[in-house]
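**Q** The numbers in UniProt numbering rise by one with no breaks, and the one at position 155 of the sequence shown is 155.
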Amino acid sequence: MAAPRPATGILQGTTHLFALRVYYEDTDLSGIAYHANYLRWCERARSDLLRLLGVDQRAAAEDGTGTYAVSELSIRYLAPARLDDAVLIRTRAEQVGAASVRLIQQAVLQLDEGRDRGMGEGPMLAEAQVRVGFVGPGGRPTRQPAAWRAAFQSFIASEESP
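#1: Between the C-alpha atoms of Arg131 and Arg149, what's the straight-line distance to the nearest angstrom?
#2: Using a Cβ-Cβ cutoff of less than 8 Å, which residues in the same chain neighbour His127 once the five nearest sequence positions on both sides are dropped?
#3: Would you tell me roughly how many angstroms separate the C-alpha atoms of Ala98 and Leu50, rounded to the nearest one?
#4: Using the beta-carbon count (16 or more within 10 Å), is Ile10 buried or exposed?
#5: Give me the Cα-Cα distance between Leu73 and Gly138, rounded to the nearest whole angstrom.
#6: In the DSSP assignment, find the unbroken alpha helix (DSSP H) run with Ser47 in it and report its ends.
#7: Please say whether Leu52 and Ala81 have beta carbons closer to each other than 8 Å?
#8: According to the neighbour-count rule (16 or more other Cβ atoms, all chains shown, within 10 Å of its Cβ), is Arg90 buried or exposed?
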């Protein structure tokens with residue numbers, strides 16, 4: 001038996017899909033997901049997208065290459081997630097620059113459509129626009145590694161393909 005591996009989500013075309021469940025610790029007194037948890041869930045999805053694109057953030061930070069840091073973020077809450085809901089975070093890259101990447105992230109409720117049909121998509125719960133900038137060891141913006149930039153660009157380019 002293979003050892004379990006931490007979830008990384010999957011790439012589906014040009015979208016990264018990251019599934020999660022709303023646990024008691026994620027909710028407020030009323031049983032609704034606390035607003036800041038959407039930011040945590042989006043961060044996890046972004047980190048796992050980087051992993052799937054071959055970006056080793058830990059090694060880059062340790063060897064002095066640098067790392068990504070959120071430089072801009074806006075989020076719009078559309079509907080609440082509740083205790084035990086299944087939620088899917090969809091992430092897609094929208095723009096890649098020399099030192100930054102702009103991403104769109106959507107939290108979507110997953111609906112159980114029965115044993116034979118699996119999960120279907122319900123309403124969008126929240127949508128975030130995120131810009132991550134690449135920073136060097138001193139915390140100053142710098143060009144992201146060419147291979148990382150190319151990975152994000154190919155992620156976008158394939159969206160435009162038929």
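Glycine included, each C-beta is placed from N, C-alpha and C at the ideal position.
**A** The structure says:
#1: Going by the C-alpha atoms only, they are around 14 Å apart.
#2: The amino acid occupying residue 127 in the given sequence is Glu; His does not appear at that position. Close CB contacts of Glu127 within its chain, under the 8 Å cut and outside five residues either way in sequence, are with Ile75, Arg76, Leu78, Ile104, Gln105, Gln106, Ala107 (chain order).
#3: Rounded to whole angstroms, the gap between the alpha carbons of Ala98 and Leu50 is 17 Å.
#4: It is exposed - the Cβ of Ile10 has fewer than 16 other Cβ atoms within 10 Å.
#5: Across the structure, Leu73 and Gly138 are spaced so that their CA atoms are roughly 22 Å apart.
#6: Taken as a continuous stretch (DSSP letters only), the alpha helix (DSSP H) holding Ser47 covers 35 to 52.
#7: Going by beta carbons, Ala81 and Leu52 fall outside the 8 Å limit.
#8: If you draw a 10 Å sphere on the C-beta of Arg90, you find 16 or more other C-beta atoms in it, and that means buried.
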